[in-house]
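*Asks:* What the sequence shown shows, in the working numbering, is residues -5 to 170, in sequence order.
Note that CB positions come from ideal geometry on N, CA and C, so glycine has one too.
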Amino acid sequence: MIKEVRSTWRVWGKICLTLGAGLFVLYVILGAAFGFLSGMLAIGINGVAWSALGGGFYLYFQFIRRKLERLRREGLCYDAEILRIVPNNSGIRIGATISVYAECSYINSEEKSCLVRSNSVLIGNFMGISSYTPDGVQSQNWVVKVYVSTSDPRDYYVAIYENDKTANMKPDYDYR
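Right, dumping it as structure tokens:
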């Protein structure tokens, strides 16, 4: 079973939208119940700001998703190899996961080696990280595909998939 690694933009979009909607609902409920709307106005404005930020993150994620769909239809697909995984400079952590990007290499149709970089994704210990070095994190169980436009090689998308090796296993015995 192969599934795509979670995008940082999608996760941040969901978190900010939920936070913003919660603050705005809190503003409406408390303001209506106690009748002091002017004192609660800061919570309402804060809720709208968080919702706008989350909406922006989510729209950017949708833009990236449409680019991937377009390149899958019209572009070329290459298998790539992860050279290194680098944590983002922002140091974003969500729970036990960190935000990183992957630097990858693939061989194009002209037999030239090309270097590409993925968008920001979230990884954690549960995803098969084998080691963490100052240069980045090396992973053993990821499948990387690079989708490249036929007209412009600078228009590409790096899709990282987690390869769940146990999904296709047929054991002799199942002790569960």
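#1: Which residues in the same chain as Phe55 place their Cβ atom closer than 8 Å to its Cβ, once the five residues preceding and following it in sequence are excluded?
#2: If Tyr150 and Val142 are in contact, beta carbons under 8 Å, what's the gap, nearest whole angstrom?
#3: Where do the N-terminal and C-terminal ends of the beta strand (DSSP E) with Val110 fall, by residue?
#4: Decide yes or no for the touch test of the stretch 55 to 71 against the stretch 9 to 20: beta carbon pairs closer than 8 Å, at least 3 of them.
#5: Quick one: using the 10 Å Cβ neighbour count with 16 as the cut-off for buried, is Val19 buried or exposed?
#6: Taking 8 Å as the cut-off, decide whether the C-beta atoms of Ala74 and Val152 are in contact.
#7: Do you know whose CA, among Asn113, Pro81, Glu97, lies nearest Thr91's CA?
#8: Going by C-alpha distance, which of Ile76, Ile101, Glu105, Glu104 is nearest Arg111?
#9: How far does the alpha helix (DSSP H) with Thr12 in it reach, from first residue to last?
#10: Helix, strand or coil for Arg45, going by three-state DSSP, please let me know.
#11: Looking at the strands, I want to know which residues DSSP matches up with Arg78.
#12: Would you please state the rounded distance, in angstroms, between the beta carbons of Ala215 and Ile37? I believe it to be under 8 Å.
#13: Helix, strand or coil for Gly122? Go by DSSP, reduced to three states.
#14: Give me the residue from Ala26, Ser114, Leu70 with the minimum Cα distance to Glu104.
#15: Pick out whichever of Arg59, Ala15, Leu62, Arg67 has its Cα sitting closest to the Cα of Ala43.
*Replies:* If we stick to the structure as given:
#1: For the purposes of this step, residue 55 is taken as residue 61 along the sequence shown, with counting starting at 1. Counting only Cβ-Cβ distances below 8 Å, and skipping sequence neighbours, we find Ser1, Trp3, Arg4, Gly7.
#2: On the sequence shown, residue 150 is found 156 positions in, with the first residue counted as 1. On the sequence shown, residue 142 is found 148 positions in, with the first residue counted as 1. That belief holds up - the Cβ atoms of Tyr150 and Val142 are roughly 5 Å apart, short of 8 Å.
#3: Residue mapping note: residue 110 aligns to position 116 of the sequence shown, counting from 1. Segment 107 to 111, the beta strand (DSSP E) holding Val110.
#4: no
#5: As a first step, residue 19 is located in the sequence shown; it is residue number 25 there, counting from the start. When all chains shown are included, Val19 counts as exposed.
#6: Indexing the sequence shown from 1 puts residue 74 at position 80. Indexing the sequence shown from 1 puts residue 152 at position 158. Their beta carbons are under 8 Å apart, which means Ala74 touches Val152 by this criterion.
#7: The sequence position of residue 91 within the sequence shown is 97, counting from 1. Minimum Cα distance to Thr91 is reached at Pro81.
#8: Walking along the sequence shown from the start, residue 111 turns up at place 117. If we check each option's Cα against that of Arg111, Ile76 comes out closest.
#9: The residue you call residue 12 lines up with position 18 of the sequence shown. Its alpha helix (DSSP H) spans residues 2 to 28.
#10: Here residue 45 refers to the residue found at position 51 of the sequence shown. Position check: residue 45 holds Ser in this sequence, whereas Arg was assumed. It is helical.
#11: On the sequence shown, residue 78 is found 84 positions in, with the first residue counted as 1. According to DSSP, Arg78 bridges with Glu97.
#12: No answer is possible for residue 215: it lies beyond the span of the chain, which begins at -5 and ends at 170.
#13: Here residue 122 is taken as the residue at index 128 of the sequence shown, counted from 1. In this predicted model, Gly122 has a pLDDT of only 44, less than 50, meaning its place in the structure is not dependable; the value taken from the coordinates is given anyway. The answer is coil: DSSP assigns Gly122 none of H, G, I, E or B.
#14: Position 110 of the sequence shown, counted from the first residue, corresponds to residue 104. Among Ala26, Ser114, Leu70, the Cα nearest to that of Glu104 belongs to Leu70.
#15: Within the sequence shown, the letter at position 49 stands for residue 43. Taking only the C-alpha atoms, the option nearest Ala43 is Ala15.
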